Every structure is written in C-alpha cells, then in structure tokens.
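The next block holds one structure in the form of structure tokens; read it before the comments.
Protein chains in written order, with the working numbering: chain A, 0 to 248; chain B, 78 to 459.
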C-alpha cells in the first residue's frame, strides 16, 4: 500500500522557547529541531502497516525550507522509503499547506495519508481535516488504534469521556493521537542507509497554487509567570481565601 | 576514508542517552545492576558495529565519530562506554590482524551484537607491563591449551567471547615476542569467571577475574594465524583504547559541568543566584575551559588516527589531560552543588566516583606520561 506521511519541523519539546522582543515570532538561535512528535507517531504507524502487509511504499512530505531536509532524513532513517520536500521559503498558513499537500496527494495517489493530529509549535490542529475536505476523502482524527483489511479501515479515536470507533473505505486521511504507538529509534545502520534514499525537492512556485496567507500572526506573548504557592493553616482559612481572594467559590 | 563527523549518528545516540539512559543511570549504578535493557537497545541501535567496517556488517564509523559517540554515552553513564569499548577493541584487532577467515567468522556476528567481545590482557601482577603476563598457550594437535588467570576483565560475564593474550613462547627474548592473541569463545569449559570485583565507580558493568584452566582453544582462533604477533596487535589497538578513555573522560566531565552550570543558576544565596558570585564564576570558567581543551585534544588525536597517522603520543596526551580534567571538573561540580553534590540525590557524586577510572584504566596516567615523553624525545632527537 502507498502511504503518505506529512511531517513538520518543530522545536524540540525539551527546548526552552524565547519570544522575540517585538513579539513577531520565537528566537530560533540555539533551538534544536525535531520531527513534530505527533507526525513521528504517524510515521511509526505507517511503518507498522507496511511491515504487517509485508511491503508497500511510505513516502514523507514536508512543505518548508532547505533545513527541513534534516527531519526528512531522520524519518528516512526510521524506515520511510523516500521523501518529498516542497521548497517554500515564505511562511505559509495551514490552508496553504493543506493546498500544497492536496496537490502532492493528487500527483502521488497514495491510498492513505497519516499525519499528526497537530503540530506542537502552533497547535492548530487543522491541516489533516482541511486536506481530507479538499480531497473529498473520509477523515478519522485523533486515532488511537488503526486497523486495515483490504480497502476497509477501522479507527478507534479518543473523544471526551470515551472512545469512538469509525469504519470507512480507503483512501482516507487519518490523524494520529499520542497513544497510537511509541515511535522507534532510527537505528544507526538505518541512518547510514537514509543518506542514500531519494529526497525529491519541488519548488512551491511550480505548483501554481494560491498560497496567499489568510491568517496573520499579530503578536506572540509569553504566559504570565506563575506565582509561588502558599500554605494555609486550616480548612476554614482555605475556604475563606478561595472565596475572597481567588474568587472561585 | 571516513574522516568526517557523522552528525546524524551522534544525534541519534544523544537522543538515546537523553531519553533512555539519563533517567535510569543513577538508580542502576547505585544498585550495581547490569543494564540488560539498555544493552538490548544499544544492540537494536547497531552500536556494537560502530567501528567495524561496513563490508563486515558494521557502521564503519570514523574515529572522530567513535570518540564523540563514546563521549555521548559517557555523558549519560560511563559504564555503557565500557560495554562497547573492549568489544570494539577486540573487533579492531580481528579487523586489522585477523585472517580473512577470522574476519568473516567473527565480525558480522560482533557487529550485530550477537557475539559480544572483551579484551583479556591484564593479569593480577601485569597491567601496563604487558610483557610480563604469565598465561601460557601450548599447542596440542589442533588446539592450543590456555592456562592462567586474568584480572579486571570487562564484559567477561555478559560477553560471549574474549581476546586473550597468552605466551606461546615463554622464553622468548625480548619477552614480548612470545605473546600471541586468541579469540576465545566462551563454552561450558571456560573461561571461568571466578568473581565480579566491587569498585568505587564504573558500576553495573562486569569487571571480573577470569580463569583459564587448561582450556582448549582451536588453533584456527590464533589471531592472524601466526604465533608471536600478539604484542604488536595489542599495541595498535591501545591507541584506540586511549582515545576511547579520553572521550569517556570528556563525557563524564561534560555531564558534571552541565549539572553544575544548571544548578548555579537555580540556587540562590545572599539574595542572588550563586552563578552571580565570582567564586562560582571562576570555577565555571575553569571547568568550561578544561572541558573544551580536553574535547579538542580528543578530536585531534582521533583525526590523526583517521588519517592513518601514528597517534600514540597524541592519544596518550588526550587521555592524560582529559582524565585529569575530568577529575578536577567533577570535584568542582561537587563544590558548586555543595552539600547536595555530596548526596546520592544528584548525579554529581556518581561522576566524581567514575572519574578516577579514566586516570587508571588503559595505562595509568603515570605510564602515559612516560610514553609521551619517550615519543616526544624520539620525534625531537638532536
């Protein structure tokens, strides 16, 4: 089966994020970049499907700058067969990204797209849904279990207060939730092999799409610093403080 | 020739160390417990083939990359570098001095981590003075019969094979010309591990006393197929060993430094973070400088080795300097952390206990100094 896994380059979740003084973005010096952890889970699932079926093609797709190659190589080292980087040096919003992906899906004709439910940098949680809509494909978001039999797919998804099971026909878009699997390490021989795998670059301008941003980031601000806690002497005092100071009861 | 640093490989190892090693290292170390799970992951990662040539199933990493890899592992837990190092030294000896048949027979399985090796050189009364080993190997039909005892042997209990140095000609003059190396695979007859040694640090990993009680070893396992080559074979591998120990020292020192510089910004005394006190700044500057110098010396020695140049002096210098720097940096880290640094709640005490191994192992620093001096004199003869 042909599976396409879109991946985004994001700051390592362990990195301390600093906002630029003018609020226009984050300071990117000294940041370690990784594959968006949810996309990594999506890739792991794609690799497991391929292994279970005893063959297939897992292609990675990124829309971004030259440096994104680094994350694509990591994905190749984990076991993806090839990678496509749509080179876009300008910032693109979620709608534009989804349009680019829809175009590539049209050319590549995968039977399944698995993508992280959201990227941990802006937490938009939109691209998977938009992509499915543009393609007119079924979508199963927040997947915590995926099963495929022929062209039939069953996805268990996490919803408030329980789980929901969806059944649909492929092709489809699935977005991966945290508990879907635990991604493997890229083995060192895998890393060596990844250096020789195909990484195709496509200039975004060659796709002839309307990528004008519909969304503009006006400012970023750090959350307020947490105040130190304090101890109270008795339940009465606690209730009093919750009432008069915190005003929650 | 692979001389460049394999950044992607190092990054993968760093990730393994951050995610899997650092959270459990102190606990396993305090229990002196062999890290079976970590070793299994190291095997999956392919680390046991690090410097084994690609045509024999390994990664064929450069020594520059190998040194960085050892530094990364040691930044998490120095004992893990030990699991790998003597295995790779044995593989190095087989790669460079073994017969074609031996390379084919041992290296792919070693690269996959199915066979895990060690180096059995040291004896109770012969360490840096390799020539005076007493273990003997006597030819008997298709076998050699090995007899003797070995000391401080890493991987002896959990490994599957050992490169054993033994005298095939105990009367040879000079004495080193009588030494041969054997690839000895463990079986029910031996080698026997008589005991695990208790140590100050470097815990979790098996460091053992090993007995060879008239053990039959097939003649085909004489490395290189020719008697009397053992000393030369071992010496060529010890350059690698020295780079390795120096790289480990950098890793341990770096871990201590990272802990100290983080703590110095968190802990406040007299109304400000202690990193704003000059007394602490002086220590941080000194630690950082020694660390950087040690790192560069290790890299430089590894580059020479990659270029195929002799690097005994440089590797010795790197080992000498980095291990002394490590001892100083780990102690200073403890000073920065104060009372907490002395407790087992923080990992600095572990780094402090691990540090002396690098001054003693792979040739004591005193022996290193002699080797360096002799090397310098021979290069600068007037």
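We treat Cβ as the ideally placed atom computed from N, Cα and C, and that holds for glycine. All figures in this text were calculated on a predicted structure; none of them were measured in a lab.
Per the DSSP secondary-structure output, residue 243 of chain B pairs in a beta bridge with B/257.
For residue 61 of chain A, the pairing in a beta bridge is given by DSSP as A/84.
By the CB criterion at 8 Å, residue 325 of chain B and residue 167 of chain B fall outside the cutoff. Chain B has no Cβ within less than 8 Å of the Cβ of residue 119 of chain A. Around residue 190 of chain A, the beta-carbon contacts reaching into chain B at under 9 Å are 83, 85, 86, 88, 89, 123, 136.
Taking all protein chains shown into account, residue 422 of chain B has fewer than 16 neighbouring C-beta atoms within 10 Å of its C-beta and is therefore exposed. Counting every other CB atom within 10 Å of its CB across the protein chains shown gives residue 20 of chain A a total below 16, marking it as exposed.
For residue 145 of chain B, the enclosing alpha helix (DSSP H) has its first and last residue at 140 to 153. Cβ-Cβ distances below 8 Å link residue 45 of chain A to 2, 4, 57, 79, 111, 113 in the same chain, with the five nearest sequence neighbours on each side left out; the list follows chain order. About 18 Å separates the beta carbon of residue 90 of chain B from that of residue 383 of chain B, a gap too long to meet the 8 Å contact definition. In terms of beta-carbon proximity, residue 72 of chain A lines the interface with chain B, with at least one pair separated by less than 8 Å. Distance from the CA of residue 256 of chain B to the CA of residue 42 of chain A, rounded to the nearest whole angstrom, comes to 54 Å. By the criterion of a C-beta distance shorter than 7 Å, residue 220 of chain B is surrounded in its chain by 293, 294, 295, 296, once the five residues flanking it on both sides are discounted. With a threshold of 16 other beta carbon atoms within 10 Å, residue 238 of chain A falls short and is exposed. Per DSSP, the unbroken alpha helix (DSSP H) holding residue 319 of chain B starts and ends at 307 to 343. Comparing alpha-carbon positions, the option among A/18, A/177, A/159, A/145 lying closest to residue 167 of chain A turns out to be A/145.
Going by beta carbons, residue 301 of chain B and residue 310 of chain B fall inside the 8 Å limit. According to the DSSP secondary-structure assignment, residue 235 of chain A is paired through a beta bridge with no residue. Here the C-alpha atom of residue 62 of chain A lies approximately 13 Å from the C-alpha atom of residue 34 of chain A. Residue 145 of chain B has its alpha-carbon roughly 13 Å from the corresponding atom of residue 155 of chain B. With its beta carbon at least 8 Å from every one in chain A, residue 140 of chain B lies outside the interface.
As for any alpha helix (DSSP H) of minimum length 4 sitting wholly inside the segment 370 to 422 of chain B, the runs are 389 to 414, 416 to 419, ordered along the chain. Secondary structure of residue 163 of chain A (DSSP, three-state): strand. According to the DSSP assignment, residue 111 of chain A belongs to the beta strand (DSSP E) that extends over 111 to 115.
Residues of chain B whose Cβ lies closer than 9 Å to the Cβ of residue 76 of chain A are, in chain order, 85, 89. Between residue 135 of chain B and residue 322 of chain B, the CB-CB gap reaches or exceeds 8 Å. Between residue 102 of chain A and residue 206 of chain A, the alpha-carbon positions lie close to 8 Å from each other. When C-alpha distances from residue 277 of chain B are compared across B/249, B/419, B/110, B/433, the shortest belongs to B/433. Taking every protein chain shown into account, the CB of residue 312 of chain B has fewer than 16 other CB atoms within 10 angstroms, so this residue is exposed. Taking C-alpha positions only, residue 361 of chain B is separated from residue 98 of chain A by approximately 52 Å. Taking a 10 Å sphere around the C-beta of residue 373 of chain B, we find fewer than 16 other C-beta atoms and assign the residue as exposed.
With 16 or more other Cβ atoms inside 10 Å of its own Cβ, residue 268 of chain B counts as buried.
Taking residue 346 of chain B as reference, the option from B/415, B/102, B/431 with the minimal CA-CA separation is B/415.
Contact of residue 187 of chain A with chain B by beta-carbon distance below 7 Å involves 86, 89, 122, 123, 124, 136. Residue 93 of chain B belongs to the set of residues whose beta carbon lies under 8 Å from a beta carbon in chain A.
The beta carbon of residue 157 of chain B lies closer than 6 Å to those of 150 in the same chain, with the five residues before and after it left out.
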